[in-house]
Every structure is written in structure tokens, then in C-alpha cells.
Amino acid sequence: MPSEFVGHFTRSLELSASRPTSPGPGPREEKTGTETHATSQTRDTAQRKWGLHALFVSLTKSTLTADDVHQALQTLQDIDISQFAEEGADAKQDPEEAALEAAIVGKLTVVLYRDAMEACLSQATAVEAEAEWWAEIEVSQWQTALYLLETLPLRVFNVASMVIGEARAQRVPLSISTFSPASLRNLLRSSSHFTLQPGRLVTACFPHLQHHQSLNLAVLLASPNLASTTTTSSITSSSTPTSTASHLLTIQECAYKRKALERMRDQRAEMLGELAQLRTPLEGLYTSFLCTLVRLVDAAASSASTTTSSKPRPTSPIQPLQKLSQTLPTLTHTHIHTLYTLHLLRPSLLTRLWPKLLIFPPLALYIYSSRTSWIPALVDMIGDAGETVRGFVRGWLVEPLVGVLHTVRAGGKGDILVSQEGVKSDLESLNRMTLDLARDAMHLSDAQLAALSARVRMGDLTSVMEAYEEDIRTPFRSALRGTLLRNVFIQVQKAKVDIDQALAGIDRLLKSQELTFAFVGVAPALAVVWAFTTSVWGLWSGVQVPSATTTSTLPSTTPPSTTSTSTSTPSPIPALPTGLLILSLTRLRSFAIAHLPEGVREPFLEDLGDLEDTRLDRDAKMLVVQRMWRSWGGGGGGVLRI
């Protein structure tokens, strides 16, 4: 992952270092001395030029290893020593020879600079990954308990080794009783009766306590503040104080290793930031740059005294180049040795897998032996799941969609609640019943009957209701005359007509919203199918929403504040923030190369290149971030929302 960024970051330096500067006009040769001496000196100069030309051509290949750099430096030193031995310290160097040597030194300097950045970036990236792993273990109660179980054999081995070593030092015979509590108390007796210093047994189980001045009181006393932290569940779920203390000490160990790795990450990031800020001076001055690069790569190394008989020129850059070529290969080994010495790396693969290797084989054997009982149940479960899926597709997806198509095609001409002919016939029956009653009982004329018919069709039965009210006053006489029963039947028919008209209105309303109801019925099934299809496509294509772990590794993608704290005079960004920014941008660059489409990738990488440019100050980079948010954030292609 870092190689792509380092190659992109140093590509311009490699191009500039590959072009040797044209030599100026050489000094006019003065014929002093004998003819033989001049011819010999000319021959030696030509041989040195040929050697420099051959060395420069050999360095033009794409990839240079550490062995290539070492051999080139040795050849360059031999040429430089031979020239110094023949011409002396005060002799003027040939301009063409000086130009070739400067080009070779520039090429080697860029290679060493690239290797230094590669080493710092790879170490910082690896350390940051380890710190994130310990952070995940620290915040999860289940992961912490599992880590304690995985490392339990190693802790027991450390305790046993410590007890055996102490018994041999005190010349106590080893036996089974040596590991009894009373024997251990006598063997590992403390100098004082009460102390907050952790015991030797606890220190052997949890080696990080060696770096603490005293045992954390949170392990001994359960304070109220501690109960509100993330360890509440572990305290309440622990059955004994020993398990609670072990759990808290494990969390403390994870936190100690995480903080140590973060400090180491910051150191590498600061070195990386200083190296990145040296890219601009590298384009002009190689010799002073090499001295600064030596100080950064090997800050603890003291200047070695020269013991060679032939003293090189004071301005020669060969010595710092040799120092760098010898120091850079040891950086990775020293870094790994430091991590192993301080026990900051995650446990080995065997340590993390032994609980699974211990549990899974018996579990697999049990599952295989009981296959006759669970295989039919599993087959039935799969069959039920298939039936459920088919029922869902048929009953909630296909049939509602067919109904939608039928509704669109029919245009509201489907089944109805009440037919218009039935409503019309009931209204005509009510009209006839009312007119007959009015003609027989009220003796109305034809004009009055026509007006009454019009009012009945509009729903006005005032005349009939008045006659009904009169009949109620003398119910027996009205019943004998038959008018009361006729009025009651008219009221029943009027209620039937009202019900038919209400149902007809409801039917018209349903017909107008029939398509809406059809889509409402199929919408939940479509939502379920869309969510399932999106999830499957995300898993298949690899572009899915990152988890919490992945998101933590990417740089912050929140929209930048519009009110920037810009100052009148731009100030350079310090080395540590520059290095941390480069680490985040390196991960984001790798993510963009792996997941973004080609049409978005190139302009997005160009914006990342602007953020990686050390010549821009904080205000300029804030403007770049605002431009990226407008282009790729919430209002653009949504790159920062992936």
C-alpha cells in the first residue's frame, strides 16, 4: 500500500535527478610539465569519465535495490579516491566529470530518500494497524475475555518459569508442593506488608505492570466512577473479585499497548512529515539535504571518525550516502525487534486459534455423529424457507403487480358495490309510493303531484312526513284507513334509497383511488426486494458501507466549517500533523484506487495530491478540503459517503 504513494510522491524527483546538468566551458589547458605526464593525466580523466558514464547508465533502470546503491557508492568512492590521490585536494575537477558525479549523486539521493519514506510509511502504517487491533480488543467486553482466554497458556507458562527460576535461585527443591499457595507465599515474600506495587505473580501474568509505578487502584477498589464506564458489564457479570481484576488488568494491558503503539506511530509520522517537507529542498541542494536526511534517519548515531589513509574532499556527498545506505536496511529490523521486545504486537496466529482448534473438532465430530437427527430437520427447514419465499413472491409481489396492471388496463370498470340501475329503480319505487299516497290521502292535483315528484327525486319528503305526523296522532284510525302503514313503508324505502346512494358514493371514491390502493398493497414487498437486492449487490461488488473498524481507518469526511480561522501570514504545517495527514491520505488513496470507478478516480486522486503537497499551508489545504466536499461529498458524486 505505501509503495504507490511513495512512487507518486517522488516521481518528480526521479525525473529531475535523471537529467545531468550540462557542463560549462572547461578551463583552458596550460601546457606545463612534460608531454608524457599530460598524456597520462588525460588518459586517467577519460577513464574516470567513462566509469562515471557507465555507472550513470546502470542507474537508469526502473528499480534500484539496496545492493545496487551500495555497489554504486563503492564505485563512486573508488573513482573519487583515485582522483584525489592523483590530482590532490586543491585540484579543480573537470566540469563534465563534476556534472556526471552530481547526476549520479542526485539519483542515489532520490533512491535513498524514497527508501527512507517507504520505511517510515510502512512502519507507521503497520504500527497504526496494530494500535487499531488493540483498540478493538479494549472496547469490546467479549473480545477482551476471548483475548484473556487465548493468552492464558502463555501467562501460566510465564508464571511457572518465574517460579522455577526463583526456586532455583533460592535453592529450593522443585516438587508439586512448590506451587502450593503457602510455598508461593514464602518463595515470593514481599519486602513490606502493604504496598500498591503489583506482586510478582501478577506481574508475570500481566507484564505491562512492570512499566507502571504502582498498581491501578481501579483494580483493587470498585469506585462509583468505574461503574459508569465500559467495564460495568464485566464487574456485574463476574462471579469473583479475581475474575473482575483479571478482566480489568487485561483491559489495562490493551490500553497500555495501544498507547505505546500510538506514540511510536506519532514518532514515525513526525519523521515522515519531516521527510515529506524535504522534497522541495531536494530538488536543488543534495549535499545539505543528505546531512539533514542522515540526522533524521539515524538521529542516535554519532559521527564516526575517519580512519582511511586517503581523506576524501570535505564537500563530497559520498560519506552521507554511504551512511544512509548502511542505516536504512537496519531500520526495519530494529523496528520489528523493538516491537517484539516490548510485546506490542498482536498474539501469534496459533495463540489466537487454539481455543477454536480445541472446540471445533469435537463439535464437528458431534455434529457428524448426530447427522441422522438434524439433517431431516434441516431439510424440512430449507423446504419451509423455500415455500415461504415462493409464497411471498406469489402472494405479495406477483399477484399485486398483476392486479396493478389489471387496474391500469380496466380503467375503473371492475366490480362495483351498488349498480346505478338498482339505485335508479329504488328511487323510482319511492317516487311512485309517495305519489300514490299523496293522490289517495291528500287529494293533490296533477301540478301538485308533479312538483311533489320533483321534490322526492331531490330527497325532500316534507309533505309525506307531515301526513305521517298526523297519522301518528291517531294511530288506530290511521291504521284502519291504511295510511299509517303506507307512510312506514315509504320511510323504509327512503332509508333504502339513502343507503344505496351512500354506497354508490363510496364506490365512486374507491374507483378513483383504486390505483393508489393497488400500489400501497405492493409497496412493502417491493421495499423488501429492493433492500435484499442492494445488500447482495453490495457484497458482490465489494462497495459496501464500511463498518466501524473500516471507517475509523479513513480520514474524517465531515463537511468542513465555512468559517475558517485564516491568518494574514501563512504558516507551514508542523511535521507531526503532516505525517498523520499523509498516513490518512495514503489509506484513502489505496481505497480510491481499489473501489472508485475510472471516471471519478483520476480527479479524486488529483485532489489528494493537492492535500499531500507540503508547499501548501493550512488555509490552502482547507480550501482544497472544501472543494473536495463540494465535488465528492454530499452535493457531488458521494465518494466521501461510501
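All residue numbers in the sequence shown are consecutive under UniProt numbering, ending with 642. Backbone N, C-alpha and C define an ideal beta-carbon position, used for all residues, glycine too.
Residue i - containing alpha helix (DSSP H), residue span
i, result
"Thr338", "318–341"
"Val393", "Per DSSP, Val393 belongs to no alpha helix (DSSP H) and is neither H nor E."
"Phe604", "598–612"
"Arg486", "483–512"
"Phe179", "Unbroken run through Phe179: none, as it is neither H nor E."
"Thr280", "279–282"
"Gln448", "446–457"
"Gly422", "420–437"
"Ala119", "95–139"
"Asp471", "462–473"
"Val159", "152–169"
"Asp619", "618–632"
"Thr578", "575–595"
"Val202", "200–205"
Spatial neighbours of residue i in its chain, beta-carbon cut-off 7 Å, leaving aside the 5 residues before and after
i, result
"Ala441", "Ala467, Thr483"
"Leu52", "Ile79, Glu97, Leu100, Glu101, Ile104"
"Leu342", "Ala260"
"Thr516", "none"
"Ile164", "Leu174"
"Leu55", "Ala72, Thr75, Leu76, Ile104"
Contact check, residue i vs residue j, beta carbons under 7 Å
i, j, result
"Ala124", "Arg265", "yes"
"Leu282", "Leu112", "no"
"Leu174", "Ala167", "yes"
"Ser463", "Leu452", "yes"
"Pro355", "Leu149", "yes"
"Leu76", "Ile318", "yes"
"Leu401", "Val529", "no"
"Met433", "Ile499", "no"
"Leu461", "Leu449", "no"
Close Cβ partners of residue i (< 8 Å) along its chain, the five nearest in sequence each way excluded
i, result
"Gln210", "Thr203"
"residue 710", "Lying before the first or after the last residue shown, residue 710 is absent from the chain, which here runs from 1 to 642."
"residue 720", "The structure shown has nothing for residue 720, since the chain only spans 1 to 642."
"Ala485", "Correcting the residue identity first, residue 485 is Leu in this sequence and not Ala. Within the same chain, Leu485 has close Cβ partners Ala479."
"Gly24", "Its pLDDT being 43, under 50, Gly24 is placed unreliably by the model, and the measurement read from it follows with that caveat. Only Pro95 meet the Cβ criterion."
"Thr567", "Any answer about Thr567 is weak, because its pLDDT of 46 lies below 50 and its placement is not dependable; what the coordinates show is given next. Only Asp619 meet the Cβ criterion."
"Tyr340", "none"
"Leu576", "Asp266, Ala269, Glu270, Gly273"
For residue i, the nearest candidate out of the options (CA to CA)
i, options, result
"Asn431", "His337, Ser373, Lys496", "Lys496"
"Pro597", "Met465, Asp115, Trp632", "Trp632"
"Ala126", "Leu480, His335, Val402", "His335"
"Thr139", "Trp50, Gly199, Leu64, Ala255", "Sequence inspection shows Val at residue 139; the Thr mentioned does not correspond to that position. Per the Cα distances, Ala255."
"Ser425", "Arg457, Val389, Pro400", "Arg457"
"Glu428", "Val172, Gln493, Arg473", "Gln493"
"Asp619", "Leu339, Ser571, His443, Phe9", "Ser571"
"Arg481", "Leu437, Leu339, Ala160, Thr109", "Leu437"
"Pro574", "Gly538, Val159, Ser590, Thr614", "Thr614"
"Pro207", "Gln252, Ala169, Arg185", "Gln252"
"Val69", "Gln322, Met162, Arg409", "Gln322"
"Val488", "Trp540, Ile472, Val536", "Ile472"
"His8", "Gln71, Arg114, Thr60, Gln47", "Arg114"
Contact belief for residue i with residue j at Cβ below 8 Å, rounded distance in angstroms
i, j, result
"Gly616", "Asp607", "In the sequence as displayed, the identity of residue 616 is Leu instead of Gly. Not confirmed; about 12 Å, so no contact."
"Lys257", "Trp134", "5 Å"
"Pro329", "Ala66", "5 Å"
"Thr144", "His247", "6 Å"
"Val172", "Leu154", "With 8 Å as the limit, Val172 and Leu154 do not qualify as a contact, their Cβ atoms being about 25 Å apart."
"Thr332", "Ala119", "6 Å"
"Ala518", "Thr407", "5 Å"
"Ser325", "Leu73", "6 Å"
"residue 707", "Val159", "One cannot answer for residue 707 here, as it falls past the ends of the chain, which runs 1 to 642."
"Thr250", "Tyr147", "6 Å"
"residue 670", "Leu345", "Only positions 1 to 642 of the chain appear in the structure, and residue 670 is not among them; the question remains open."
"Val423", "Gln501", "6 Å"
"residue 646", "Thr10", "Limits of the chain in this structure are 1 at one end and 642 at the other, which puts residue 646 out of reach."
Neighbourhood of residue i by C-beta, 6 Å cutoff - its chain only, sequence neighbours within 5 removed
i, result
"Ala227", "With a pLDDT of 37 at Ala227, under the threshold of 50, the modelled position of that residue is not reliable, and no figure is offered here."
"Ala454", "none"
"Gln267", "none"
"Lys49", "Glu97"
"Ala301", "Any answer about Ala301 is weak, because its pLDDT of 39 lies below 50 and its placement is not dependable; what the coordinates show is given next. If we look at Ala301 and ignore the five residues flanking it on each side, it has no Cβ neighbours."
"Glu262", "Ala131"
Closer than 6 Å: residue i CB and nearest the ligand COA heavy atom
i, result
"Phe517", "In the structure shown, the ligand COA is absent, as is every other ligand, since no ligand is present at all."
Chain D within 7 Å of residue i, Cβ atoms only
i, result
"Leu509", "Structure shown: chain D not included; a single protein chain is present."
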